[in-house]
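Numbering-wise (the numbering used here), the sequence shown opens with residue 41 and increments by one.
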Amino acid sequence: MHTTRNALVVLAQHQHDDLALTKAKQIADLTHAHLHLLLCAKPNGHSMYLKLMQEQLAQEGYDVSAQQAWHDNPCKTVFAVQQAEGCDLVIKQHRADSALKKALLTPEDWHLLRQCPSPVLMVKHANPWTERPILTAIDAGSDDLKHRVLQVGILSHGHDLAHLSHASLHMMSAYPYPMLSAADPIFQLKESIVTFYHEQCQGYQDEFDIDDEHLHLAEGPADQLIPHVAHQLGAALTVLGSVARRGLSGVLLGNTAELVLDAMESDVLVLKPWDVIRELEALAAHH
């Protein structure tokens, strides 16, 4: 995100204290990025509201543009505008759906995380990131090329944002419970698992200057531990990633980001590997 030049800000209708806009301004203050405001709505009386907002931001010194658009549903609208404007970050306020609605329909924000080619920042609070912990969540046990590239991307974003925000950088990884039946002896004992994960993290620690005090290894499911560690640290931002899985439904992203979203108190930045980005861009262009 430190290299963000053009951010797409998804505005909420009928909401003047929009967290996404507040956060976008804070990011622009750090990165000098252009802000493209998007109101996902059919043509109606919002045009004056958008114009006034654009003028106000311009008067405050921001490089800003704005549009109102609609392509069948909010997610399709975001994808279409993101591609058309060449935005390298999407900023949106997260709104949790009810348990009943989630049981019946895939939440809109999940669709956005799965299908948006660019990184997505889900905003949960209005507070600046300045001088507050930034947490990077990786899967240190996965050492295939796709995961390694993603881990480096997560840590690189976290490192640069921590530098820009004068914040402390933390790294965490969940590790599995020991299983005596595991084929690999390493995963039969907790002590050997912890040692293995610590060794896996060492290279990342050296590259991004993270000492053991800022490394957090925890036993259990990542989707439960990430919100817990972020809460303990009082993190302002959590950076994590998604790796594609293929199935009958086509591209489906790993769901840790989706599962933690409602439970997080910090903002959540979700990244994807380059091959997934390329595939999603091709899908977006096709549609």
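All C-beta atoms in this analysis are idealised placements derived from N, C-alpha and C, irrespective of residue type, glycine included.
Contact test: residue i Cβ vs the ligand ATP heavy atom, cutoff 7 Å
i: H197; result: No copy of the ligand ATP occurs in the structure displayed, which carries no ligand at all.
First and last residue of the uninterrupted beta strand (DSSP E) at residue i
i: Y333; result: The question about residue 333 has no answer, for the chain in this structure spans 41 to 327.
Residues sharing a beta bridge with residue i, DSSP
i: V49; result: L77 and I131
i: L161; result: I131 and L309
i: G281; result: L311
i: S105; result: H76
i: T176; result: M211 and V279
i: E259; result: Y215
i: H111; result: N113
Cβ separation of residue i and residue j, assumed to be a contact under 8 Å, to the nearest whole Å
i: A275; j: L175; result: 4 Å
i: L78; j: L48; result: 6 Å
i: K132; j: S306; result: The pair is not a contact, with the Cβ atoms about 15 Å apart (cut-off 8 Å).
i: Y237; j: Y215; result: 5 Å
i: H209; j: G198; result: A small fix is needed here, since residue 209 is Leu in this sequence, not His. The Cβ separation is near 5 Å, so the contact holds.
i: L75; j: D103; result: 7 Å
i: Q94; j: A106; result: 4 Å
i: L301; j: D57; result: About 21 Å separates the two Cβ atoms, so there is no contact after all.
i: P114; j: C156; result: No, P114 and C156 are not in contact; Cβ-Cβ is about 12 Å, not under 8 Å.
i: V310; j: V160; result: 5 Å
Per-residue burial, residue i [other beta carbons within 10 Å of its own, 16 or more giving buried]
i: A60; result: buried
i: A223; result: exposed
i: E253; result: exposed
i: Q240; result: buried
i: A322; result: exposed
i: R135; result: exposed
i: P313; result: buried
i: Q272; result: exposed
i: A68; result: buried
i: K63; result: buried
i: A202; result: buried
i: Q99; result: exposed
i: D249; result: exposed
i: Y212; result: The residue you asked about is not Tyr; residue 212 is Met in the sequence shown. It is buried - the Cβ of M212 has at least 16 other Cβ atoms within 10 Å.
i: R154; result: buried
i: P83; result: exposed
i: H256; result: buried
i: M304; result: buried
i: L152; result: buried
i: P173; result: buried
i: E171; result: exposed
i: S158; result: buried
Residue range of the unbroken alpha helix (DSSP H) whose run includes residue i
i: E125; result: P114 to E125
i: G193; result: L185 to S205
i: L70; result: L59 to T71
i: A303; result: Premise fails: A303 is in no alpha helix (DSSP H) and is neither H nor E.
i: G243; result: K230 to F248
i: H254; result: Per DSSP, H254 belongs to no alpha helix (DSSP H) and is neither H nor E.
i: H91; result: The question names His, but residue 91 is Lys in the sequence shown. S87 to Q99 is the extent of the alpha helix (DSSP H) around K91.
i: A148; result: What sits at residue 148 in the sequence shown is Glu, not Ala. From DSSP, the alpha helix (DSSP H) with E148 extends over E148 to Q155.
Any C-beta of chain B under 8 Å from that of residue i
i: Q191; result: Reference to chain B is not applicable here, since this structure consists of a single protein chain.
Review point. Hey, is the region 261-281 in contact with the region 169-189, meaning 3+ C-beta pairs nearer than 8 Å?
Key: Yes: at least three Cβ pairs fall under 8 Å.
Review point. Okay, do the region 227-237 and the region 186-202 touch, 3+ Cβ pairs below 8 Å being the bar?
Key: No: fewer than three Cβ pairs fall under 8 Å.
Check your understanding: Any chance the region 165-172 sits against the region 121-131, with 3 or more Cβ pairs inside 8 Å?
Key -> Contact between the region 165-172 and the region 121-131 is absent, because fewer than three Cβ pairs lie under 8 Å.
Point to revise | Contact between the region 260-272 and the region 107-121 (3+ Cβ pairs under 8 Å) | key: The region 260-272 is not in contact with the region 107-121.
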